[in-house]
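Engineer: According to our numbering, the sequence shown holds residues 72 to 345 in order. Backbone N, C-alpha and C fix where the C-beta goes; we use that ideal spot for every residue, glycine too.
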Amino acid sequence: MSAAAAVDVAERRRVLWEIWLLLALSLGRSGVYAVVDIAARLTSGVALADQTATLNPSRSPRPYLDLTYQVLQVAFAVVPVLLAVYLLAIRRGSPPVTDAIGLDWHRRGARRGRDVGWGVALAAAIGIPGLAFYALGRLLGITVSVQASALAEHWWTVPVLVLAAFQNGALEEVIVVAYLFERTRDLGWSPTARVDWRFLVSSALLRGSYHLYQGIGPFLGNAAMGVLFAWWYRSRWGRNRVIPLVVAHTLLDVVAFVGYALIPASWRTALGIT
Numbered sequence: 072m073s074a075a076a077a078v079d080v081a082e083r084r085r086v087l088w089e090i091w092l093l094l095a096l097s098l099g100r101s102g103v104y105a106v107v108d109i110a111a112r113l114t115s116g117v118a119l120a121d122q123t124a125t126l127n128p129s130r131s132p133r134p135y136l137d138l139t140y141q142v143l144q145v146a147f148a149v150v151p152v153l154l155a156v157y158l159l160a161i162r163r164g165s166p167p168v169t170d171a172i173g174l175d176w177h178r179r180g181a182r183r184g185r186d187v188g189w190g191v192a193l194a195a196a197i198g199i200p201g202l203a204f205y206a207l208g209r210l211l212g213i214t215v216s217v218q219a220s221a222l223a224e225h226w227w228t229v230p231v232l233v234l235a236a237f238q239n240g241a242l243e244e245v246i247v248v249a250y251l252f253e254r255t256r257d258l259g260w261s262p263t264a265r266v267d268w269r270f271l272v273s274s275a276l277l278r279g280s281y282h283l284y285q286g287i288g289p290f291l292g293n294a295a296m297g298v299l300f301a302w303w304y305r306s307r308w309g310r311n312r313v314i315p316l317v318v319a320h321t322l323l324d325v326v327a328f329v330g331y332a333l334i335p336a337s338w339r340t341a342l343g344i345t
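(1) For the candidate residues V149, R84, L242 and I109, whose alpha-carbon lies nearest to that of L284?
(2) Of all the alpha helix (DSSP H) runs that stay within the bounds of the stretch 94-129, which reach a length of 4 or more residues?
(3) Would you check if there are 3 or more beta carbon pairs closer than 8 Å linking the stretch 321-331 to the stretch 187-198?
(4) Since I believe V247 is in contact with G297 (beta carbons under 8 Å), could you give me their beta-carbon distance rounded to a whole number of angstroms?
(5) So G240 and V156 are in contact, right, with Cβ under 8 Å, and what is the actual spacing, rounded?
(6) Using the DSSP secondary-structure output, state which residues sit across from S216 in a beta bridge.
(7) Is it right to say T228 is buried, meaning 16 or more other beta carbons lie within 10 angstroms of its own, or is it exposed?
(8) Let me know if L211 comes out buried or exposed under the rule of 16 or more other beta-carbons within 10 Å of its beta-carbon.
(9) For A171, tell me which candidate among S337, R307, A160 and G180 has the shortest Cα-Cα distance.
(10) Apply the 10 Å Cβ neighbour rule to G164 and answer buried if 16 or more other Cβ atoms are within range, or exposed otherwise.
(11) Contact between the stretch 198-215 and the stretch 116-124 is defined here as three or more beta-carbon pairs at a separation below 8 Å; is this criterion met?
(12) Please say whether V152 and L242 have beta carbons closer to each other than 7 Å?
(13) Is there contact here, the stretch 125-132 with the stretch 220-236, by at least three beta-carbon pairs under 8 Å?
(14) Need the endpoints of the alpha helix (DSSP H) that I199 sits in, please.
(15) How big is the Cα-Cα spacing for V103 and F290?
(16) Per the DSSP calculation, G164 is bridged to which residue(s)?
(17) Sort out for me which residues DSSP pairs G286 with in a bridge.
(18) Does T139 pass the burial test, meaning 16 or more other C-beta atoms within 10 Å, or should it be called exposed?
(19) DSSP three-state label for F320, please.
(20) Leaving aside the five residues before and after V86 along the sequence, list all residues of the same chain whose C-beta is less than 7 Å from its C-beta, in chain order.
(21) Which word fits A74, buried or exposed, when buried means at least 16 other C-beta atoms lie within 10 angstroms of its C-beta?
(22) Is it the case that the Cβ atoms of D186 and I314 are separated by a distance below 7 Å?
(23) For T228, which three-state DSSP category applies?
(24) Just confirm the distance between the C-beta atoms of L158 and L277, as a whole number of angstroms; I'd bet it's less than 8 Å.
(25) DSSP state of R85, grouped into three classes?
(26) Cα-Cα, which of P132, E244 and V217 is closest to G173?
(27) Could you check which residue in D267, L96 and P134 has the C-alpha nearest to that of W226?
(28) Within 10 angstroms of the Cβ of L92, are there 16 or more other Cβ atoms? Answer buried if so, exposed if not.
(29) Report the CB separation of S274 from A301 in whole angstroms; it is logged as a contact under 8 Å.
(30) Shortest alpha-carbon distance to V329 belongs to which of G292, A223 and W268?
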């Protein structure tokens, strides 16, 4: 084996280890737990439709201690995002990470308005069908009842839920789309401008996996969302810009965490939203 070939093999091995380690610290870990959780749900003797998944649970009956826990949860959950950006930034021979994945809002002339506009459009494209898909999943008995927030009502509840929504958006879109695309391209995937089916499938299945704790329906729905987001990111509209995806995901979760309270009680009962 030539020296150049040996270096190439070693570099590919290093990139693979990096991907697996980052995923083990973040969403890959969540995916494994979700697989175990859905297995437990399916073998519990209770139908999925009669089970509940709670998002954003309270962590203490003492309000300010609960607030402390919530803020710490958000802060530490964002660390893998910073690590992913750092790992992309130190690649040799690659463009600056701000250019590679579109993290350039700090620059004069950045496309903030266009990014937000695309984020809103993507949120609408996913959110409305997503609610219908959730209702269908409840009807078919393949989706658990989702309690969008178990936090008590305090002055800080809505801000914390908005922060949690942003945390989810940044964590999932930066790692599952931007980071995964860049690092798999370093492995030889996505050699052309067209979206690589391997990246598309991997990103979609990863996204679906860590939603399995909510049932089979959310796995399928989030995998479909993953296909759309990964395709858009590589399209001539997305142009490898991750911020619109973060905006879209944050808006979706803000509506789910906060806006659900605006839905009439009879509708929430029918949809199985508690």
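Structural biologist: With the structure as the only source:
(1) For clarity, residue 284 is Tyr in the given sequence; the question names Leu instead. The shortest C-alpha separation from Y284 is found at I109.
(2) 98-113
(3) yes
(4) 7 Å
(5) In fact, because the Cβ distance is near 14 Å, the residues do not count as touching under 8 Å.
(6) T123
(7) buried
(8) exposed
(9) A160
(10) exposed
(11) yes
(12) yes
(13) yes
(14) R183 to L211
(15) 13 Å
(16) BP columns for G164 are empty, so no partner.
(17) T214
(18) exposed
(19) Note that residue 320 is His in the sequence shown here, rather than Phe. Reduced to three states, the DSSP call for H320 is helix.
(20) R254, D257 and L258
(21) Its pLDDT being 47, under 50, A74 is placed unreliably in this model, and the coordinates cannot settle the point.
(22) yes
(23) helix
(24) In fact, because the Cβ distance is near 17 Å, the residues do not count as touching under 8 Å.
(25) helix
(26) E244
(27) P134
(28) exposed
(29) 4 Å
(30) A223
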